[in-house]
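Trainee:
Residue numbers (UniProt numbering): 1 to 370.
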């Protein structure tokens with residue numbers, strides 16, 4: 001199986017890398033993430049101009065009709081640059097959920113997302129939820145009135161429209177509502193990796209249902225896509241973490257020689273590389289499955305488990321081999337490790353995914369010895 005990018009896919013990756021590299025160094029990144037918004041509107045506009053925001057949408061909806069290989073390539077570059085722009089939360093996820101909307105609504109909103117004029121967010125997780133369980137205690141009446149609370153809404157602080165999961169007489173539905181509608185209260189927050197989010201309360205808030213039936217499978221498929229995207233982002237972050245660590249070992253001197261002269265440290269850097277390649281392999285596996293039209297939660301869990309394990313080792317080794325400077329805000333490694341930690345705990349940590357895999361072992365996964 002060929003996992004090499006095509007010429008066009010490689011050009012896409014290189015274009016995104018060029019845009020982000022020109023914008024972000026550690027000082028600029030700190031300044032941008034310290035603002036109230038937490039990301040750069042200038043970068044967002046640039047991503048819209050080169051077609052990244054509409055990448056996965058059909059051409060008649062302002063997009064490029066690309067697939068998982070392309071959007072995961074973008075996520076990898078966002079991870080490498082540690083770019084805080086809400087591509088996943090505000091475009092990819094809500095854009096995919098809009099597949100349930102009627103043709104006119106879907107085309108209008110996706111076109112606005114692709115142009116960068118509209119930001120959306122998916123409000124699903126509720127207080128007390130632990131992945132993979134989502135109770136969905138938010139309710140929707142027959143006429144679409146929402147009541148309930150959603151926590152951990154990624155970039156819900158800046159979204160203009162929300163897609164909200166709520167329980168109704170058909171099961172679990174997805175509802176579209178303006179973020180500043182009457183009855184909607186947002187409490188913004190910052191996460192330890194300098195990203196943004198919000199807790200959102202709905203009190204008799206009028207919304208519009210997307211689609212007719214139960215949306216549970218649509219939500220489950222979206223989670224597989226989110227996990228796959230996060231795996232790709234983590235691979236990019238680990239790549240850059242390893243690069244920075246190797247550069248430091250080659251330049252930092254101790255006892256009159258560079259740190260790279262010490263065999264024990266080069267062996268540990270090699271271990272980091274092995275973990276990176278394991279993570280990359282499983283990330284490509286999950287991406288390949290999505291590209292084949294398979295939204296398999298078991299495949300996603302396999303990939304996410306390896307990402308969690310690799311991110312922990314790569315992050316810890318990067319910090320330790322940098323020494324004290326690795327923990328300072330002025331140096332990028334600490335920020336990469338913080339982001340990798342956040343990814344590792346989004347939609348299930350290592351323990352959660354081990355549990356899911358163990359509970360879904362089938363006969364073809366078993367091996368008899370003797």
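Each residue gets a CB set at the ideal place from its N, CA and C atoms; glycine is no exception.
Can you list, in chain order, the residues of its chain whose CB lies under 6 Å from that of residue 11, leaving out five sequence neighbours each side?
Mentor: Taking the chain shown and counting its residues from 1, one reaches residue 11 at position 11. Answer for residue 11: no residue qualifies.
Trainee: Let me know the alpha helix (DSSP H) ranges lying completely inside the region 239 to 302, each 4 residues or longer, listed in chain order.
Mentor: Runs found: 263 to 291.
Trainee: Tell me whether residue 80 sits in a helix, a strand or coil according to DSSP, three-state version.
Mentor: Mapped onto the chain shown, residue 80 falls at position 80. Correct three-state label for residue 80: helix.
Trainee: With a threshold of 16 other CB atoms inside 10 Å of the CB of residue 394, please say whether the residue is buried or exposed.
Mentor: Residue 394 lies beyond the stretch modelled for the chain, which goes from 1 to 370, so this question has no answer here.
Trainee: State whether the region 195 to 212 contacts the region 238 to 255, with contact taken as three or more CB pairs (one from each stretch) at a distance under 8 Å.
Mentor: No, because fewer than three Cβ pairs between the region 195 to 212 and the region 238 to 255 fall closer than 8 Å, the two stretches do not touch.
Trainee: Note the first and the last residue of the continuous beta strand (DSSP E) segment covering residue 163.
Mentor: Reading the chain shown from its first residue, position 163 is the one you call residue 163. Per DSSP, residue 163 belongs to the beta strand (DSSP E) from 161 to 168.
Trainee: Please state whether the Cβ-Cβ distance between residue 55 and residue 71 is less than 7 Å.
Mentor: On the chain shown, position 55 is the one that residue 55 refers to. On the chain shown, position 71 is the one that residue 71 refers to. In this structure, residue 71 lies closer than 7 Å to residue 55 by Cβ.
Trainee: Which same chain residues, not among the five before or five after residue 101, have their C-beta less than 6 Å away from its C-beta?
Mentor: Taking the first residue of the chain shown as 1, we reach residue 101 at position 101. The answer, listed in chain order, is 210.
Trainee: Quick one: what's residue 201 bridged to in DSSP?
Mentor: If you number the chain shown from 1, residue 201 lands on position 201. DSSP lists 149, 185 as partners of residue 201.
Trainee: Give the DSSP-derived three-state secondary structure of residue 116 in the structure shown.
Mentor: To locate residue 116, count along the chain shown from 1; it is residue 116. Residue state, collapsed to three classes: coil.
Trainee: Would you report the Cα separation of residue 309 and residue 123, rounded to the nearest angstrom?
Mentor: Residue 309 sits at position 309 when you count from the first residue of the chain shown. Residue 123 sits at position 123 when you count from the first residue of the chain shown. Rounded to whole angstroms, residue 309 to residue 123 spans 28 Å at the Cα level.
Trainee: Could you tell me the distance, in whole angstroms, from the CA atom of residue 373 to the CA atom of residue 342?
Mentor: Outside the shown range of the chain (1 to 370) lies residue 373, about which nothing can therefore be said.
Trainee: Keeping to the same chain, check which residues put their C-beta closer than 6 Å to that of residue 186; ignore five residues upstream and five downstream.
Mentor: Mapped onto the chain shown, residue 186 falls at position 186. Once the five neighbours on either side are set aside, the close Cβ partners of residue 186 are 198, 200.
Trainee: Classify residue 247 as buried or exposed, calling it buried when 16 or more other Cβ atoms lie within 10 Å of its own Cβ.
Mentor: Numbered from 1 along the chain shown, position 247 holds the residue referred to as residue 247. Answer is exposed; the Cβ neighbour count stays below 16.
Trainee: So which of 132, 84, 327 has the shortest CA-CA distance to residue 413?
Mentor: Here the chain has residues from 1 to 370 only, and residue 413 is not among them.
Trainee: Taking residue 65 as the reference, which of 153, 95, 165 has the closest Cα?
Mentor: Locating residue 65 in the chain shown gives position 65, counting from the first residue. The residue with the shortest Cα to Cα distance from residue 65 is 95.
Trainee: Measure the C-alpha to C-alpha separation of residue 372 and residue 80 and round it to an integer number of angstroms.
Mentor: Residue numbering for the chain in the displayed model covers 1 to 370; residue 372 lies beyond these limits and cannot be assessed.
Trainee: Under a three-way DSSP split, which group does residue 139 fall into?
Mentor: Counting from 1 along the chain shown, the entry for residue 139 is found at position 139. Residue 139 falls in the strand class under three-state DSSP.
Trainee: One question on the structure: do residue 67 and residue 291 come within less than 7 Å of each other, judged by their Cβ atoms?
Mentor: Within the chain shown, numbered from 1, the residue matching residue 67 stands at position 67. Within the chain shown, numbered from 1, the residue matching residue 291 stands at position 291. Contact flag set, yes.
Trainee: Could you tell me whether the region 270 to 288 touches the region 247 to 260, using the rule of 3 or more Cβ pairs below 8 Å?
Mentor: The region 270 to 288, when compared against the region 247 to 260, does not touch it at the 8 Å Cβ threshold.
Trainee: My output table needs one value for residue 357: the three-state DSSP class, helix, strand or coil.
Mentor: As a working mapping, residue 357 is identified with position 357 in the chain shown. Looking at residue 357 - three-state DSSP - the assignment turns out to be helix.
Trainee: Going along the chain, which residues of its own chain have a beta-carbon closer than 8 Å to the beta-carbon of residue 126, five neighbours each way excluded?
Mentor: The residue labelled residue 126 in the question sits at position 126 within the chain shown. So the list reads 134, 135, 136, 137, 138, 148, 149, 150, 151, once near-sequence residues are dropped.
Trainee: Distance check for residue 353 and residue 296, CA to CA, integer angstroms please.
Mentor: The sequence position of residue 296 within the chain shown is 296, counting from 1. The sequence position of residue 353 within the chain shown is 353, counting from 1. Their Cα atoms are separated by approximately 13 Å.
Trainee: If you draw a straight line from the C-alpha of residue 221 to the C-alpha of residue 319, how long is it?
Mentor: Position 221 of the chain shown holds residue 221. Position 319 of the chain shown holds residue 319. Approximately 35 Å between the Cα atoms of the pair.
Trainee: Judging by CA-CA distance, which residue of 156, 191, 143 is the nearest neighbour of residue 170?
Mentor: In the chain shown, the residue the question calls residue 170 occupies position 170. For the residues 156, 191, 143, the minimum Cα distance to residue 170 belongs to 143.
Trainee: Which term fits residue 327, buried or exposed, when burial requires 16 or more other beta carbons within 10 angstroms of its beta carbon?
Mentor: Counting from one through the chain shown, the residue named residue 327 turns up at place 327. Counting Cβ neighbours within 10 Å, residue 327 comes out exposed, since fewer than 16 surround it.
Trainee: Below 8 Å, can you find three or more Cβ-Cβ pairs linking the region 300 to 308 to the region 332 to 349?
Mentor: A contact exists between the region 300 to 308 and the region 332 to 349.
Trainee: Whole angstroms is fine: what's the gap from residue 361's alpha carbon to residue 130's?
Mentor: Against the chain shown, residue 361 aligns to sequence position 361. Against the chain shown, residue 130 aligns to sequence position 130. If I take the Cα positions, the gap works out to 22 Å.
Trainee: Under 6 Å Cβ to Cβ from residue 259, same chain only, skipping five residues before and after it: list those, please.
Mentor: The residue labelled residue 259 in the question sits at position 259 within the chain shown. Same-chain partners within the cutoff: 249, 252, 265.
Trainee: If you draw a straight line from the alpha carbon of residue 217 to that of residue 97, how long is it in whole angstroms?
Mentor: In the chain shown, residue 217 corresponds to position 217, counting from 1. In the chain shown, residue 97 corresponds to position 97, counting from 1. If I take the Cα positions, the gap works out to 11 Å.
Trainee: Just grab the DSSP bridge partners of residue 176 for me.
Mentor: Taking the chain shown and counting its residues from 1, the one referred to as residue 176 is at position 176. DSSP, once it has assigned bridges, lists 163, 208 as partnering residue 176.
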